[in-house]
Structure formats: C-alpha cells, structure tokens
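Data first, discussion second: the structure below is written as structure tokens.
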Amino acid sequence: MWSRAGGERGITIIEMTVVLSVMFILAGAMSPIVSESVDTARMIKAANDAKMIAAGMIAFEKDMGSSALVNTASAPAGSNLDPAFSQAAMPDVMVTSGEAPQIEGDNAIAVTPANLPAQLGLNAPRARGGRSTRAGRRRWLEAATGLIEDHLIANRAGYRMKRPEEGEGGWNGPYLSKGVKADPWGKRYQVNMLGFDGGVTAADANGNARHAVFVVSAGGNGVIETPFDQPIDDAQIFGDDIGIRIQ
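Per our numbering, residue 27 is the first one in the sequence shown, and the count goes up by one each step.
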C-alpha cells in the first residue's frame, strides 16, 4: 500500500485485481444477453424490411394488373399476357443485393428464439415432415433473378408508364421509398414471383393451381429452408427463415 501527499490513500494491486475480476465476471454474464438482443434486433429488422418489400410488391401488382405480371418465359399455354409488357418479362425471383443464401443443411431447422416470428405477426415456422427438402429449395438459387430495385424503384425493366385515366396497366412507381439492401446477415431478400397475380383462390381462372408468394430472408443460419413452390392453400415459412406472404 502506498499513500499520496496529503494523506490520500491509493488503490492497491490486490484491490485493483478484485475490481477487474468483478468486471470480467459481469461482462461474461452479460455476453449471452447482449448476443440475444443483437439477434433479436436483426430478426426484427429483417421482418420490417420484408414487410416494406411486400407492401411495395402489392402496390406494384395493383398498378400493373395480373396479366402484366405473368412471366413470359414460364407463362402457361393460353395465358392472357398483355402484349404491351412482352418485352419486360418478370423474373422468376426478385432479389435485393447481397450474397445468395445456401440450400445445404437439410436438417437445419433451428429457430432462435422459437416464438419470435409469432410475436412479429409472421407465419409460424414449420418443418413439414421434419424438414424441407433440398429439391424444394433449390429453385430459389437456380431460377432467373432480377433486382427488386430495377422493377419497383427505377423501372429499368422498361414497363409502360401508367396514364392518369387508367385504373391499372402501367408503372406508377417508385413503390419503395428507398433501396433495400442485404438482410442483417449479408444475404439477399428474395421474392418467388412466379405465379404472382394478386389472386386469393386455390386456382386461377384457367384452372391452374396458384402458388404462394413470399418475401424471404434466409435468417441467421444463411440457409433458405422455405420451399419455392407451395400451394396457396397450404404454405408456410420454414426453419429460421424470416418473411411475409403476399399471395
């Protein structure tokens, strides 16, 4: 122990060691809490981004009309594709910037925390048959993609502009107030546009089965676990994917 001039007592090495030890113990105890808070904040941001993209997609569909949203490369025989949009075909998947998710890990169905999607008002995670198959997810990566920004913000796809007297049938964007970048884990948001027509029935006017359309983030594990093609009357978000259904 040592003393300063004037009788002030200094801190001993033992006392300093005790203080530092307590600080390290508190830091160790707080680490899981901080980590969980960061994970929760990321999931909330991803959910909010997905909702924003979904709102833009719905407004886009209302202006364009369902016939303009049929993908020319995948349009079924006899579909009523508006010739005015034949040079602006929709991609099978719309994406933001960011890395593509993975499809490996058929058993990766971890949800953290388990009840957060329900708290956010999203579809509850489900693993049909215990897992979603790799084949059911592969199309997210193999299908033709287009940037969301090109279709919803900048009209780089070249859609005909909407005229004032039209109820539908033309582009009247931008449909997002700002560009949406990668999700909080650096992966892209994805929308399985194939079959998006704004309908709510199980089959369309031609009797073709409608497929559910989602805005999806692969979540913290970076693995897309939600199948690309799901019937509109039985569709869910899988695993720890975060998303919102728009059809």
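Built from N, CA and C at the ideal position, the CB exists for glycine as well.
Note that this is a predicted model, so its numbers are computed, not measured.
Continuous alpha helix (DSSP H) stretch holding residue i: start and end
i    : result
G196 : Note, G196: premise wrong, no alpha helix (DSSP H); not H, not E.
Residue i versus residue j: straight-line alpha-carbon distance, rounded
i    : j    : result
M83  : A170 : 18 Å
G248 : Q262 : 18 Å
E251 : R271 : 15 Å
R186 : M90  : 9 Å
N181 : L52  : 53 Å
P117 : L95  : 9 Å
G124 : A228 : 33 Å
W211 : E191 : 43 Å
T38  : A67  : 42 Å
G184 : D266 : 36 Å
I179 : G269 : 21 Å
G225 : M219 : 13 Å
F254 : S92  : 20 Å
S47  : P127 : 42 Å
G221 : Q273 : 9 Å
Reduced DSSP secondary structure (H/G/I, E/B, other) of residue i
i    : result
N247 : coil
T171 : strand
G269 : strand
F240 : strand
K204 : coil
A161 : helix
M78  : helix
K188 : coil
V64  : helix
M120 : strand
E125 : strand
A228 : coil
A180 : coil
A85  : helix
A261 : coil
Buried or exposed (CB count within 10 angstroms, at least 16 for buried), residue i
i    : result
N74  : exposed
D50  : The displayed chain sequence assigns Phe, not Asp, to residue 50. Exposed, by the Cβ-count rule.
G233 : exposed
D259 : exposed
I40  : exposed
A231 : exposed
S243 : buried
A130 : Checking the sequence, you will find Glu at residue 130 rather than Ala. Exposed, because fewer than 16 other Cβ atoms sit within 10 Å of the Cβ of E130.
heavy atom of the ligand NAP below 6 Å from residue i C-beta
i    : result
G162 : The ligand NAP is not among the ligands present in this structure, which contains no ligands whatsoever.
Whole-angstrom C-beta distance between residue j and residue i, which should lie under 8 Å
i    : j    : result
V361 : Y215 : The requested residue 361 is not part of the displayed model; the chain covers only 27 to 273.
M78  : V217 : Contact doesn't hold; Cβ gap of about 12 Å is too wide.
N198 : K213 : The Cβ separation is near 30 Å, so there is no contact.
Host beta strand (DSSP E) of residue i (start-end)
i    : result
Q216 : Q216 to N218
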